[in-house]
Amino acid sequence: MPHKLLQVSDLKVEFRTDDGVVRAVDGVSFEIEPGQTLGLVGESGSGKSVSNLALLGLVPRPPGYVSGRALFRGADLLTMPQKQITAIRGRRIAMIFQDPMTSLNPFLTVADQLTEVTRRHLGHTPRQALDHAVDMLTRVGIASPERRIFDYPHQFSGGMRQRVMIAMALSCKPDVLIADEPTTALDVTVQAQILDLMRELQRAEGTAIILITHDMGVIAAMCHRVHVMYAGRIVEEAPVGQLFAVPRHPYTLGLLKSIPRVDEPPGTQLNPIAGQPPDLAHLPPGCAFAPRCPYSIARCTQEVPPLFDAPDGGRFACFVDVRTTAPREAVCE
Numbered sequence: 139m140p141h142k143l144l145q146v147s148d149l150k151v152e153f154r155t156d157d158g159v160v161r162a163v164d165g166v167s168f169e170i171e172p173g174q175t176l177g178l179v180g181e182s183g184s185g186k187s188v189s190n191l192a193l194l195g196l197v198p199r200p201p202g203y204v205s206g207r208a209l210f211r212g213a214d215l216l217t218m219p220q221k222q223i224t225a226i227r228g229r230r231i232a233m234i235f236q237d238p239m240t241s242l243n244p245f246l247t248v249a250d251q252l253t254e255v256t257r258r259h260l261g262h263t264p265r266q267a268l269d270h271a272v273d274m275l276t277r278v279g280i281a282s283p284e285r286r287i288f289d290y291p292h293q294f295s296g297g298m299r300q301r302v303m304i305a306m307a308l309s310c311k312p313d314v315l316i317a318d319e320p321t322t323a324l325d326v327t328v329q330a331q332i333l334d335l336m337r338e339l340q341r342a343e344g345t346a347i348i349l350i351t352h353d354m355g356v357i358a359a360m361c362h363r364v365h366v367m368y369a370g371r372i373v374e375e376a377p378v379g380q381l382f383a384v385p386r387h388p389y390t391l392g393l394l395k396s397i398p399r400v401d402e403p404p405g406t407q408l409n410p411i412a413g414q415p416p417d418l419a420h421l422p423p424g425c426a427f428a429p430r431c432p433y434s435i436a437r438c439t440q441e442v443p444p445l446f447d448a449p450d451g452g453r454f455a456c457f458v459d460v461r462t463t464a465p466r467e468a469v470c471e
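Numbering (the working numbering), first residue to last: 139 to 471.
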């Protein structure tokens with residue numbers, strides 16, 4: 139059986155603010171094997187990015203407080219000394235950050251930033267590091283990389299900066315790649331190129347990928363298993379085919395129904411999820427999704443549902459069977 143490369147158990151991330159304690163991540167658990175792609179989906183603010191930043195020691199403490207376990211090759215990332223986590227970050231576990239403009243240093247050329255990672259972690263000479271960086275820029279679709287590598291980040295478009303971030307993350311062939319919205323700023327052609335590059339790395343090196351995205355099409359194309367997050371919790375997890383075919387949580391069902399479909403007749407209206415995500419500092423009692431849920435019952439406003447085992451291999455946090463229950467016409471808020 140494949141070994142578990144990364145095992146996260148009961149991960150919690152809290153921020154102490156003047157308005158109260160914000161529970162950004164509340165008891166998240168997942169695991170991933172070499173060569174597997176795990177998808178994390180959910181609205182903005184659901185805790186997807188923060189949970190992975192916590193694994194790399196990138197949540198400032200204070201105001202952040204992190205607890206739980208995150209075993210990477212048997213060592214707990216959450217209790218690891220800073221020197222040790224720094225050696226792992228970028229080499230063994232790499233992350234493609236969501237906002238390339240704030241992630242790249244505006245005072246350093248792209249060459250300075252791309253060569254630093256391989257000189258530090260792979261022991262490349264300056265010449266080797268530069269050649270490797272040019273090759274990586276070529277692979278992510280940057281035209282004239284031998285010239286553009288000496289430009290500054292502000293001389294690149296948003297999509298090109300995103301490709302630089304992807305090149306940087308892939309440079310050391312990490313064991314785990316955390317990709318936070320890696321293709322958001324890219325056109326469809328370049329998006330396909332980047333996804334193919336990630337698949338190539340996965341096939342060649344057995345890289346495990348944690349893919350954070352709002353694009354359910356990318357999830358369907360890339361992932362083996364999917365975790366759906368809402369208000370800091372995992373509300374459903376399942377193999378990708380099962381999630382699309384038989385969603386069991388009302389939130390998952392709402393996400394899928396809000397996606398435009400090419401096989402729908404002209405004039406068909408989208409079905410967006412009503413209401414707004416909750417304030418994480420003042421969560422409602424019971425299920426956090428209950429105020430927006432067309433399937434909620436009285437119990438949902440009183441108890442937080444645990445993750446129930448589904449007979450076909452997934453898990454879902456809901457007291458109601460959406461397959462046999464009719465939704466209400468309207469939802470408050």
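Quick reminder that beta carbons are idealized off the backbone N, C-alpha and C, glycines included.
Computed from a predicted model, the values in this text were never measured in an experiment.
Checklist line | Cutoff 7 Å: glutamate 402 Cβ touching any chain B Cβ | finding: This model lacks chain B altogether, as it is built from one protein chain only.
Margin query: Can you list, in chain order, the residues of its chain with a C-beta nearer than 8 Å to that of phenylalanine 446? Leave out the 5 residues immediately preceding and following it.
Written below: Arg453, Phe454, Ala455, Cys456
Next item on the list: To the nearest angstrom, report how far apart glutamine 174 and valine 188 are at their CA atoms.
Entry: 21 Å
Check: Taking leucine 216 as the reference, which of Thr224, Ser205, Ile226, Ala225 has the closest Cα?
Finding: Ser205
Next item on the list: Consult DSSP for aspartate 250 and reduce its assignment to one of helix, strand or coil.
Entry: helix
Note to self: Rounded to whole angstroms, what is the Cα-Cα separation between glycine 158 and proline 201?
What the structure shows: 12 Å
Next item on the list: Tell me whether histidine 365 sits in a helix, a strand or coil according to DSSP, three-state version.
Entry: Reduced to three states, the DSSP call for histidine 365 is strand.
Note to self: Assuming the contact rule is C-beta atoms closer than 8 Å, leucine 242 and methionine 303 should be a hit. Round their C-beta distance to whole Å, please.
What the structure shows: 7 Å
Check: Grouping DSSP H, G and I as helix and E and B as strand, with all else coil, what is arginine 154?
Finding: It is a strand residue.
Item checked: Collapsed DSSP secondary structure at valine 373 in the structure displayed -> If DSSP states are grouped into helix, strand and coil, valine 373 belongs with the strands.
Note to self: Per the DSSP calculation, phenylalanine 454 is bridged to which residue(s)?
What the structure shows: Glu374, Phe446
Item checked: 7 Å Cβ shell around lysine 395 - same chain, five flanking residues per side excluded -> Asn409
Check: Which residue comes first and which comes last in the beta strand (DSSP E) that contains alanine 232?
Finding: 231-234
Checklist line | Contacting residues, own chain, Cβ-Cβ under 7 Å from lysine 221 (five flanking each side not counted) | finding: none
Check: Touching or not, the segment 245-261 and the segment 318-337, by the rule of three or more beta carbon pairs under 8 Å?
Finding: no
Item checked: Residue interval of the alpha helix (DSSP H) (run including serine 189) -> 186-193
Checklist line | DSSP three-state assignment for arginine 277, whether helix, strand or coil | finding: helix
Next item on the list: Return helix, strand or coil for glycine 165, following the three-state DSSP convention.
Entry: strand
Note to self: Using a Cβ-Cβ cutoff of less than 7 Å, which residues in the same chain neighbour glutamine 380 once the five nearest sequence positions on both sides are dropped?
What the structure shows: Residues Asp450, Gly451, Gly452 of the same chain have their beta carbon placed closer than 7 Å to that of glutamine 380, with the five preceding and five following residues left out of the count.
Item checked: Pair within 7 Å by beta-carbon distance, cysteine 361 and glycine 177 -> yes
Margin query: Please identify the residue among Arg154, His141, Pro244 whose C-alpha is closest to the C-alpha of leucine 418.
Written below: Ranking the options by Cα distance to leucine 418, first place goes to Arg154.
Check: Name the DSSP beta bridge partners of serine 205, please?
Finding: Lys150
Notebook entry, point to check: Is arginine 363 near alanine 448, with beta carbons less than 7 Å apart?
Noted result: no
Margin query: Can you give me the C-alpha to C-alpha distance between glutamate 181 and proline 264, rounded to a whole angstrom?
Written below: 42 Å
Next item on the list: Have a look at valine 278 and leucine 324 and give me their C-alpha separation to the nearest angstrom.
Entry: Valine 278 and leucine 324: Cα-Cα distance of roughly 11 Å.
Check: Do you know offhand how far valine 272's Cα is from lysine 311's?
Finding: Spanning the two alpha carbons is a distance of roughly 16 Å.
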